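K.L.:
Residue numbers (this note's numbering), protein chains in the order written: chain W, 2 to 295; chain V, 2 to 295.
What follows is the structure, given as structure tokens:
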């Protein structure tokens, strides 16, 4: 068969928009996100990732405040504004948003294309006081098929669970977008990249997928955030960032997402996703490993 | 309740012995391993890890050669020699060995204490031409209870499967020992640590376990190995190494293995091993993610 690499798909420019939402100032946060989406598109981005809870901010004081800031998806004003931007700029967007469904809140990410709303991911693993406001995600780890490739999403603490990355990769994800609000963690070596970045690299490599993590910066009600947004190749090595730990910044990487699929046969015997020993894992998870030793 | 940290357990010295076995020269390889075990014990080590296939070497040319070099466990001479060394030096040992059971070979690790043979791990995920000689491991991922803590083992390519680390951590492992023969991989950034080290760091952090990986150096029948043995704290940061990429070397770290258990409540809500959403993973693995998209 003829080798015609490059005919079936093209390199695209991915942008991670590291910004500083202010809690409660939804109008201003959305306006700023629209400005930065326009800027990224102006520099050629075809896919842009915004941080976790980019419209609402993160550190809620009360349930009332969280409920007031959350919106229906896709009918709420934030999703509608992002859909308009996606159409205007011929852009795919993955963005963190406070979602309200009836009396229930989720820490969600919307996936939007130039032709409109595509789908929602709801954060599966809640961190710290998010447990006071949000329900754990109930949509699993969906993969969305788009003209630029198969896209999955995870949010912040989800990245501490290799299970999530693996489930997305097993469904064929080429790129996993991570809207996030990473916070400082104990034991961080100040002389090197964040442990959160290390987790992105390991996940990208061991699943042969691209990972694009857009973090926020700044401090809210005493809680600092660490920036350092990063775009990682399917090889596991960063191709953009880590970004600054303090400043708003857009990082860009040009990537052919098909390379993730094309490069998984590491030798004549091994393809990491097919080498999984589900016989072993399933038997152990079913029988021996659930008691609470840990 | 009284806080009496330090009464129940003590810091121990862990050693990873990075050596260069020569394929086929089993007698010389075992003699060298005994010399280095003695050296590590002389410097206070209570646990020593040797590389994958430390007795036989790695690059077999024929099945016949592999069969000739493999031994029964624990009755074979290599395991017996290591048991004697463990008794003499009051040492725990985790060491890679070519195992023969009847007409079947396994790429195994023996776990040995001062009082003798404890158990065996058989490499679950075979790499490259290992598939010509060995059977995939059929003992799961066992955790061994010892006076110095709960110890698990994985071998080389097993480390590309976060499932293995997770299964060991879920059974309460404090320390995961990794006899390995890491080889160069495409895309490695020559200016920084090996991707294999990144995987160890991510696994240690996201499971809150210690990881001690002992690699080999040198070249066999054209196949180079990359050294860079490393001991990683439960925080995810190296506490010894990475070692040289070319030289034989012993790296040492002093660690209180109980810290892995003690430090898992990251805040009032989260403990990473208990935050797993097995409801989500199990349902997805059972239904949606097995078709071969990848």
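Just so you know, even glycine gets a beta-carbon here, dropped at the ideal spot from N, CA and C. Since we're looking at a predicted model, the values are computed, not measured.
1) Would you mind giving the Cβ-Cβ distance between residue 208 (chain V) and residue 167 (chain V), rounded to the nearest angstrom? I have them listed as a contact below 8 Å.
2) For residue 32 (chain V), is the classification buried or exposed, using 16 other Cβ atoms within 10 angstroms of its Cβ as the cut-off for buried?
3) From what residue to what residue does the beta strand (DSSP E) around residue 107 (chain V) run?
4) How would you write the range of the beta strand (DSSP E) that residue 31 (chain W) sits in, first residue to last?
5) Provide the residue span of the beta strand (DSSP E) that contains residue 178 (chain W), from first to last.
6) Are there 16 or more other CB atoms within 10 angstroms of the CB of residue 146 (chain W), so buried, or fewer, so exposed?
7) Do the region 178 to 195 of chain W and the region 212 to 224 of chain W touch if we need at least three Cβ pairs shorter than 8 Å?
8) Using 8 Å as the threshold, is the region 35 to 44 of chain V in touch with the region 220 to 233 of chain V, meaning 3 or more CB pairs across them?
9) Of all Cβ atoms in chain V, is any one closer than 8 Å to the Cβ of residue 119 (chain W)?
10) Can you confirm whether residue 223 (chain W), when its beta carbon is compared against all beta carbons of chain V, has any partner nearer than 8 Å?
11) Can you give me the C-alpha to C-alpha distance between residue 284 (chain V) and residue 165 (chain W), rounded to a whole angstrom?
12) Under 8 Å between C-beta atoms, does residue 162 (chain V) make it to chain A?
13) Does the beta carbon of residue 285 (chain V) come closer than 8 Å to any beta carbon on chain W?
14) Are there 16 or more other CB atoms within 10 angstroms of the CB of residue 242 (chain W), so buried, or fewer, so exposed?
15) Pull out every residue of the region 172 to 187 of chain V whose Cβ sits closer than 8 Å to any Cβ of chain W, in chain order.
16) Going along the region 236 to 260 of chain W in order, which residues come within less than 8 Å of chain V, judged by CB to CB distance?
17) Over the uninterrupted alpha helix (DSSP H) stretch that includes residue 165 (chain V), give me the two end residues.
18) Since residue 251 (chain W) and residue 19 (chain W) are thought to touch, with beta carbons under 8 Å apart, how far apart are those beta carbons, to the nearest angstrom?
19) Return the Cβ separation of residue 175 (chain V) and residue 262 (chain V) in integer angstroms, given the expectation that the two are a contact with Cβ distance under 8 Å.
20) Which residues in the same chain have their Cβ closer than 6 Å to the Cβ of residue 91 (chain V), if we skip the five residues on either side of it in sequence?
21) Do you know how far the Cα of residue 273 (chain W) is from the Cα of residue 161 (chain V)?
22) Runs of 3 residues minimum, wholly inside the region 191 to 268 of chain V: which ones carry the beta strand (DSSP E) assignment?
23) For residue 172 (chain W), count the other beta carbons within 10 Å of its own beta carbon; 16 or more makes it buried, fewer makes it exposed. Which is it?
24) With distances taken Cα to Cα, identify the nearest neighbour of residue 1 (chain V) among V:40, V:206, V:71.
25) Examine chain W for any beta-carbon lying closer than 8 Å to the beta-carbon of residue 54 (chain V), and answer yes or no.
26) Quick one: list the residues of chain W neighbouring residue 156 (chain V), beta-carbon separation under 8 Å, in chain order.
27) Residue 68 (chain W) lies in the alpha helix (DSSP H); which residues open and close that run?
28) Suppose you measure from the CA of residue 157 (chain V) to the CA of residue 58 (chain W); what does that come to, to the nearest Å?
29) So for residue 118 (chain V), helix, strand or coil by DSSP?
30) Can you give me the C-alpha to C-alpha distance between residue 61 (chain W) and residue 193 (chain W), rounded to a whole angstrom?
P.N.:
Let's see:
1) 6 Å
2) exposed
3) 105 to 114
4) Per DSSP, residue 31 (chain W) belongs to no beta strand (DSSP E); it is in the alpha helix (DSSP H), 27 to 43.
5) 176 to 180
6) exposed
7) yes
8) no
9) No Cβ of chain V is located within less than 8 Å of the beta carbon of residue 119 (chain W).
10) No, residue 223 (chain W) lies away from the interface with chain V (no Cβ there is under 8 Å from its Cβ).
11) 13 Å
12) Among the protein chains in the structure shown, which are W and V, there is no chain A.
13) yes
14) buried
15) 172, 173, 186, 187
16) 236, 237, 238
17) 163 to 171
18) Rounded, the Cβ-Cβ distance is 7 Å, consistent with contact.
19) 7 Å
20) The residues are 115.
21) 8 Å
22) With a minimum length of 3 residues, the continuous beta strand (DSSP E) runs that stay inside the region 191 to 268 of chain V are 211 to 215, 231 to 233, 239 to 241, 250 to 256.
23) buried
24) What is shown of chain V runs 2 to 295, which leaves residue 1 (chain V) out entirely.
25) no
26) Going along chain W, no residue has its Cβ under 8 Å from residue 156 (chain V), so there is no contact; the nearest lies around 13 Å.
27) 64 to 70
28) 43 Å
29) Collapsing the DSSP output to three states places residue 118 (chain V) in a strand.
30) 31 Å
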